[in-house]
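> At the far end of the sequence shown sits residue 549, using the numbering used here, and the numbering has no gaps.
Just so it is clear, CB atoms sit at the ideal spot from N, CA and C, and this is done for glycine as well.
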Amino acid sequence: MVKMTGGKAILESLKRHGVKVIFGLPGGAILPLYDDIYKDKDIRHILVRHEQVAAHASDGFARASGKPGICMATSGPGATNLTTGIANAYMDSSPVIAFTGQVARPLIGNDAFQETDACGITLPITKHNFKIMKTKEIPQIIKMAFKIATTGRPGPVHIDLPRDVQSEETDFDFEAEPEMPGYKPTIEGHPLQIKRAAEIISEAERPIVLAGGGVIHSNASPELSVFAEMLGSPVTTTFMGKSSFPENHPLALGTIGMHGKKAANKAVTESDVLIAIGCRFSDRSTGNVQYFAQNAKIIHIDIDPAEIGKNIKIFVPIVGDAKRVLKSLIERLKEIYKKGKTTAWVEKINQFKKEFQPKMDYDEIPIKPQRVMKELNSIIDSNTIITTEVGQNQMWAGHFLEVHHPRQFISSGGLGTMGFGFPAAIGAKVARPEATVIDVAGDGSFLMVEQDLATCVLEKIPVIVLILDNRRLGMVSQWQELFYGGRLSATLLGESPDFVKLTEAYGAKAEYVTRPNEIRPALERAIKSNEPYVLDVIVDPKEHVLPMVPPGGRLDQMIG
């Protein structure tokens, strides 16, 4: 037993879980903990300028590193400002642990200053949440939080900290293990289901693999490659699964869905067996479910049983961790698989890829976003991490950028949160300081979080923001032009601000890019500077992200 304050016990518990960085912004209800942070020299605290940035940065940290990201805020508005980032982590299954201050225990329920029911607010957007009412329970609750956040299907956990719990001094037992009855995620796939899946796969003439974010979370990319090569099966990914399979691999088809590759969508539609791994069949992936892979027997591998059969009718369900199940399937298929059956299918897939190869080599002014992606592709290496904002910029990146390694592409999938990419880049750079981190941004998204250029400058976090500047809310205006008669209602942003002057006001570097031949040299200067850097790339405001599946449409009937 060790005697200390609740705040010190929180920090000690975090350190025992390997935490070295916290993203946060203090306020009255969390001051006792921040006083202990001030005295502690082992954990780095990064002061953000908005709590939402703290949540997104911890999310980016988690996705880049595979370790939980930690964020903190005070009660009331501090807690509510975290919620968008927590919801984003929940939708994308990212292990974030969010701490919020709370009014002292005697004041809870009295509508005290800056009191909100943070646990009630975060209940639907977390795997679990805790309000610590007994100070001595801090070590065990934090142990439970880490286990819940990182095992099974990962996700965020929220811990609410009454002010007096942080300052109260008591004896703590850091060695005791908490009891967690009822929390037992299924890791191993059922042998009979694996046997059945292997038999169906062995009979397939047109198999295709659909890899989702679960492949990345479980570090199953090596097994995925072995599995695909054994089958000779093409591999497509969901948007969240991008980077789970090297996109320069001969079997790679890229992403499916609303803004996916035509070849990928066509292949899924024509497949006879679809092996889906760690994905949830979201509407943006499937289009109209009535026509999704309607001739295929679908095998669905997922660690979350709630996702199996939720959106798509499944032929063989397998509940389990992607890495473990793939290993078992590989062993089973070694015994029964007849090689060479899919040669004609692969040839057809290659025809699709050749037929639907997108054009990227544009020389026009204003710059076409496709050309920006071409130049960015030329400098991406194994040490590059791409984050994105949300909107057209995100879909240009998802469709046209080629990434080869897991955790190399980080974006907001399920919630589609504008303002995610820049904070996520901050978190990714802190997690992996040796990496070059580039945020592919839109001017609308970046304006929601630009204040944290101050964080980058003062904390010396050299991320690069590549703004595709079209002076509009690009994706919304695209929908208005395609589906609402061109009526651009509240989507034109105007000429303010000047992004270069804005960036320089924060003490960071910036430059305009207006011609195609300026893109790569500007990127190289930004990387070489090793400083926070903004590139304001003036792009054609009329250019649409195509091809596209219309809302409620079919994957095999894309426009553009």
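Have a look at Gly402, Ile137, Ile11 and flag the residue whose alpha-carbon is nearest the alpha-carbon of Ile35.
Numbered from its first residue, the sequence shown carries residue 35 at position 46. Closest by alpha carbon: Ile11.
> Quick one: what does DSSP say Arg504 is sitting in, helix, strand or coil?
Numbered from 1 along the sequence shown, position 515 holds the residue referred to as residue 504. If DSSP states are grouped into helix, strand and coil, Arg504 belongs with coil.
> Can you tell me where the beta strand (DSSP E) holding Val426 begins and where it ends?
For this step, residue 426 is matched to residue 437 along the sequence shown. Looking at the DSSP string, the run of the beta strand (DSSP E) that includes Val426 is 425 to 431.
> For Ile86, list the residues DSSP reports as bridge partners.
Counting from one through the sequence shown, the residue named residue 86 turns up at place 97. Paired residue(s): Ile59, Val146.
> Where Met229 and Gly(-4) are concerned, what is the direct C-alpha to C-alpha distance, given to the nearest angstrom?
Taking the first residue of the sequence shown as position 1, residue 229 is located at position 240. Taking the first residue of the sequence shown as position 1, residue -4 is located at position 7. When rounded, the distance between both Cα atoms is 36 Å.
> Assuming Lys9 contacts Ile32 (C-beta within less than 8 Å), just tell me the rounded distance between them.
To locate residue 9, count along the sequence shown from 1; it is residue 20. To locate residue 32, count along the sequence shown from 1; it is residue 43. That belief holds up - the Cβ atoms of Lys9 and Ile32 are roughly 6 Å apart, short of 8 Å.
> What three-state label does DSSP hand Thr111 in the structure shown?
Translated into the one-based positions of the sequence shown, residue 111 becomes position 122. Residue state, collapsed to three classes: helix.
> Using a threshold of 8 Å, state whether the C-beta atoms of Ala386 and Val429 are closer than that.
In the sequence shown, counting from the first residue as 1, residue 386 sits at position 397. In the sequence shown, counting from the first residue as 1, residue 429 sits at position 440. Contact flag set, yes.
> DSSP three-state call for Val305: helix, strand or coil?
Residue 305 sits at position 316 when you count from the first residue of the sequence shown. Of the three classes helix, strand and coil, the one that applies to Val305 here is strand, per DSSP.
> Among Gly109, Glu194, Gly276, Thr124, which one has its Cα closest to the Cα of Ile338?
As a working mapping, residue 338 is identified with position 349 in the sequence shown. If we check each option's Cα against that of Ile338, Glu194 comes out closest.
> Taking Ala497 as part of the alpha helix (DSSP H), name the residues at either end of that continuous run.
Start at 1 with the first residue of the sequence shown, and residue 497 comes out as number 508. Premise fails: Ala497 is in no alpha helix (DSSP H) and is neither H nor E.
> List the DSSP bridge partners of Phe12.
Start at 1 with the first residue of the sequence shown, and residue 12 comes out as number 23. DSSP, once it has assigned bridges, lists Ile35, Cys60 as partnering Phe12.
> In three-state terms, what does DSSP make of Val534?
By 1-based counting over the sequence shown, the position of residue 534 is 545. Coil, per DSSP.
> Compute the distance between the beta-carbons of Leu442 and Thr492, then report whether it is under 8 Å.
The residue labelled residue 442 in the question sits at position 453 within the sequence shown. The residue labelled residue 492 in the question sits at position 503 within the sequence shown. Their beta carbons are under 8 Å apart, which means Leu442 touches Thr492 by this criterion.
> Go to Thr69, then tell me how far its alpha helix (DSSP H) extends in each direction, as first and last residue.
Here residue 69 corresponds to residue number 80 of the sequence shown, with the count starting at 1. Unbroken alpha helix (DSSP H) run through Thr69: 66 to 80.
> Starting from the C-beta of Ile19, find all residues in its chain whose C-beta is less than 6 Å away, skip the five residues before and the five after it, and write them out in chain order.
For this step, residue 19 is matched to residue 30 along the sequence shown. Cβ neighbours of Ile19 beyond the five flanking positions: Thr63, Gly90.
> With DSSP collapsed to three states, give me the class of Leu20.
The sequence position of residue 20 within the sequence shown is 31, counting from 1. It is helical.
> In the DSSP assignment, the alpha helix (DSSP H) including Ile197 goes from what residue to what residue?
As a first step, residue 197 must be located in the sequence shown, where it is residue number 208. Not the alpha helix (DSSP H): Ile197 falls in the beta strand (DSSP E), residues 196 to 200.
> Who are Gly264's beta bridge partners in DSSP?
Taking the first residue of the sequence shown as position 1, residue 264 is located at position 275. Note that residue 264 is Ile in the sequence shown, not Gly. Beta-bridge pairing links Ile264 to Val198, Ile288.
> Checking 8 Å against the spacing of the C-beta atoms, do Gly49 and Leu14 come in under that value?
Mapped onto the sequence shown, residue 49 falls at position 60. Mapped onto the sequence shown, residue 14 falls at position 25. For Gly49 and Leu14, no; Cβs fall outside 8 Å.
> For the alpha helix (DSSP H) that His388 lies in, which residues bound it at each end?
Sequence index remark: in the sequence shown, residue 388 carries index 399 (1-based). It spans 381 to 389 - the alpha helix (DSSP H) in which His388 sits, taken as one unbroken run.
> Figure out for me which residue from Glu507, Ser232, Pro180 has the closest Cα to the Cα of Ile319.
By 1-based counting over the sequence shown, the position of residue 319 is 330. Checked all of Glu507, Ser232, Pro180; the closest Cα to Ile319 is Pro180.
> Could you tell me whether the Cβ atoms of Asn382 and Leu457 are closer together than 8 Å?
Looking up residue 382 in the sequence shown gives position 393. Looking up residue 457 in the sequence shown gives position 468. Taking 8 Å as the cut-off, the Cβ atoms of Asn382 and Leu457 count as close.
> Note down the Cα distance separating Val146 from Ile(-1), rounded to an integer number of angstroms.
Looking up residue 146 in the sequence shown gives position 157. Looking up residue -1 in the sequence shown gives position 10. Straight-line Cα distance between these residues: approximately 15 Å.
> Residue range of the alpha helix (DSSP H) that Ile245 falls in?
The residue given as residue 245 occupies position 256 in the sequence shown. First-last for Ile245: undefined, no H or E at that position.
> Name the one or two DSSP bridge partners that Thr376 has.
Locating residue 376 in the sequence shown gives position 387, counting from the first residue. Beta-bridge pairing links Thr376 to Ile399, Asp428.
> Buried or exposed for Val204, please, with buried defined as at least 16 other CB atoms from any protein chain shown within 10 angstroms of its CB.
By 1-based counting over the sequence shown, the position of residue 204 is 215. Buried is the call here.
> State the start and end residues of the unbroken beta strand (DSSP E) segment that holds Phe411.
For the purposes of this step, residue 411 is identified with residue 422 of the sequence shown, where counting begins at 1. Careful: Phe411 lies outside any beta strand (DSSP E), inside the alpha helix (DSSP H) at 410 to 420.
> Tell me which residues share the same chain as Val452 and place their Cβ nearer than 7 Å to its Cβ, disregarding the 5 neighbours each side in the sequence.
Residue numbering aside, residue 452 sits at position 463 when the sequence shown is read from its first letter. Ala414, Ile415, Lys418, Val426, Asp428, Cys445, Pro521, listed in sequence order.
> Whole angstroms are fine: how far does the CA of Ala424 sit from the CA of Arg152?
Locating residue 152 in the sequence shown gives position 163, counting from the first residue. Locating residue 424 in the sequence shown gives position 435, counting from the first residue. Answer to the nearest angstrom: the Cα atoms are 38 Å apart.
> Taking its Cβ as the centre, do 16 or more other Cβ atoms sit within 10 Å of Thr105, making it buried, or is it exposed?
In the sequence shown, counting from the first residue as 1, residue 105 sits at position 116. With 16 or more other Cβ atoms within 10 Å, it is buried.
> Could you give the first and the last residue of the continuous beta strand (DSSP E) run that contains Thr226?
Counting from 1 along the sequence shown, the entry for residue 226 is found at position 237. Thr226 -> beta strand (DSSP E) spans 224 to 226.
> Using the Cα positions of Ile354 and Asp529, report the straight-line distance between them to the nearest angstrom.
If you number the sequence shown from 1, residue 354 lands on position 365. If you number the sequence shown from 1, residue 529 lands on position 540. Straight-line Cα distance between these residues: approximately 8 Å.
> Between which residues of its own chain and Arg360 is the CB-CB distance below 6 Å, once the five residues before and five after are set aside?
Indexing the sequence shown from 1 puts residue 360 at position 371. Excluding five sequence positions before and after Arg360, the CB atoms of its chain that fall closer than 6 Å to its own CB belong to Tyr351, Pro505, given in chain order.
> Assuming Leu220 contacts Ile190 under a Cβ cut-off of 8 Å, what Cβ separation, rounded to an integer in Å, is found between them?
Taking the first residue of the sequence shown as position 1, residue 220 is located at position 231. Taking the first residue of the sequence shown as position 1, residue 190 is located at position 201. The pair is a contact, with the Cβ atoms about 7 Å apart (cut-off 8 Å).
> Check whether the stretch 277 to 288 touches the stretch 260 to 267, counting contact only when three or more Cβ pairs, one atom from each stretch, lie closer than 8 Å.
yes
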